[in-house]
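Heads up: the structure comes next, in structure tokens.
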Amino acid sequence: MRRLLPFTLVFFACTTEPQEGCGKGFTEINSQCYHEGDLRILQKFIDNSNGSITATLDADSSDSIEPLELQIQKWNEQGRLHYLWLYDRSLSGAIPDSIGELTFLDTLNLSFNSLSGSIPQSIGNLKNLNWLYIYVNELSGLIPDSLCTIYSNLDHFQMFQNNLCPPYPACIPEEKIGPQITADCN
């Protein structure tokens with residue numbers, strides 16, 4: 001005599017609709033998807049520069065600089081900014097406090113600009129960063145200790161010729177900080 005074992009019949013159903021376009025949190029520009037938060041940070045660089053950005057960056061002749069027109073950028077397949085090279089003497093104002101939200105960034109060059117104010121504490125959130133160049137600007141104040149959380153990942157690092165004040169974080173050799181203009185330091 002055969003014995004029948006009890007069984008349970010289970011049905012699986014897909015309840016989510018397929019995504020159209022780029023998905024939530026992304027914007028499509030020229031058939032490419034870009035993370036909206038990354039675009040907002042680029043826009044803050046533009047807004048903070050108070051018209052100092054050179055008109056030659058206006059690639060589409062719209063009489064305004066748009067985020068994707070800022071110098072050299074590379075975006076990964078997920079639509080996230082991973083390379084930002086803004087070396088051109090046209091940026092001014094503060095580095096956006098939200099810079100630390102560019103979590104896919106591996107290269108950041110903001111050298112030879114007129115950036116001022118302090119280095120945002122959030123820069124320590126850039127765990128994938130291996131290039132950080134912020135030399136020859138007008139950055140001032142203390143170097144944030146949060147930089148120590150990423151310093152060991154940095155293969156390329158320069159911050160000379162700013163107005164950064166001692167004491168400097170112990171994690172960064174003074175020769176890497178380089179000469180600073182400290183006349184306004186207390």
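Note that our numbering numbers the sequence shown so that position 15 is 15, with each residue one more than the last. Even glycine gets a Cβ: it sits at the ideal position worked out from N, Cα and C. For clarity, every value in this text was computed on a predicted model and none was experimentally measured.
Check: Which value, in whole angstroms, describes the spacing of the CA atoms of Asn-76 and Leu-164?
Finding: The straight-line gap from Cα to Cα measures roughly 33 Å.
Item checked: Contacts around Gly-79, its chain only, beta-carbon distance under 6 Å, and the 5 residues preceding and following it disregarded -> If we look at Gly-79 and ignore the five residues flanking it on each side, its Cβ neighbours are Phe-26, Cys-33, Tyr-34 and His-35.
Next item on the list: Kindly give me the distance between the Cβ atoms of Cys-148 and Cys-171, rounded to whole angstroms, as I take these residues to be in contact under 8 Å.
Entry: Taking 8 Å as the upper bound for CB-CB distance, Cys-148 and Cys-171 are in contact here, some 4 Å apart.
Next item on the list: Using a threshold of 9 Å, state whether the C-beta atoms of Tyr-135 and Ser-111 are closer than that.
Entry: It is a contact, given that the beta carbons lie within the stated cut-off.
Check: Between Leu-39 and Leu-81, what straight-line distance do the alpha-carbon atoms span, to the nearest angstrom?
Finding: Rounded to whole angstroms, Leu-39 to Leu-81 spans 9 Å at the Cα level.
Checklist line | Inter-residue Cα distance where the pair is Ala-94 and Gly-23 | finding: Distance between the alpha carbons of Ala-94 and Gly-23 is about 31 Å.
Notebook entry, point to check: How many angstroms separate the CA atom of Ser-64 from the CA atom of Ala-55?
Noted result: In this structure, the straight-line span from the alpha carbon of Ser-64 to that of Ala-55 is close to 8 Å.
Note to self: Can you give me the C-alpha to C-alpha distance between Gln-180 and Glu-28, rounded to a whole angstrom?
What the structure shows: If I take the Cα positions, the gap works out to 42 Å.
Notebook entry, point to check: What residue does the alpha helix (DSSP H) around Cys-148 start on, and which one ends it?
Noted result: 148-151 is the extent of the alpha helix (DSSP H) around Cys-148.
Item checked: Environment of Ile-72 [buried if 16+ CB atoms lie within 10 Å] -> Under this definition Ile-72 is an exposed residue.
Notebook entry, point to check: Leaving out five residues before and five after Asp-97 in sequence, what residues of the same chain have Cβ atoms less than 7 Å from its Cβ?
Noted result: Within the same chain, and ignoring the five residues on either side of Asp-97 in sequence, the residues whose Cβ sits closer than 7 Å to its Cβ are Pro-120 and Ser-122.
Margin query: Rounded to the nearest angstrom, what separates Glu-69 and Tyr-168 at their Cα positions?
Written below: In a straight line, the C-alpha of Glu-69 is about 35 Å away from that of Tyr-168.
Check: In chain order, what residues of the same chain lie with their CB nearer than 6 Å to the CB of Thr-107, ignoring the 5 residues before and after it?
Finding: Closer than 6 Å at Cβ, skipping near neighbours: Tyr-83 and Trp-131.
Check: Taking the alpha-carbon positions, what's the His-156 to Ser-52 distance?
Finding: Take the alpha-carbon of His-156 and the one of Ser-52: they are about 27 Å apart.
Notebook entry, point to check: Helix, strand or coil for Lys-127 per DSSP?
Noted result: Three-state result, Lys-127: coil.
Notebook entry, point to check: Using a Cβ-Cβ cut-off of 6 Å (strictly less than) and excluding sequence neighbours within five positions of Ser-140, which residues of its own chain qualify?
Noted result: Closer than 6 Å at the Cβ level, and outside the excluded window around Ser-140, lie Asn-163.
Check: Where does Ser-189 land, buried or exposed, given buried means 16+ other C-beta within 10 angstroms?
Finding: Lying outside 1 to 186, the shown extent of the chain, residue 189 is not represented and no answer is given.
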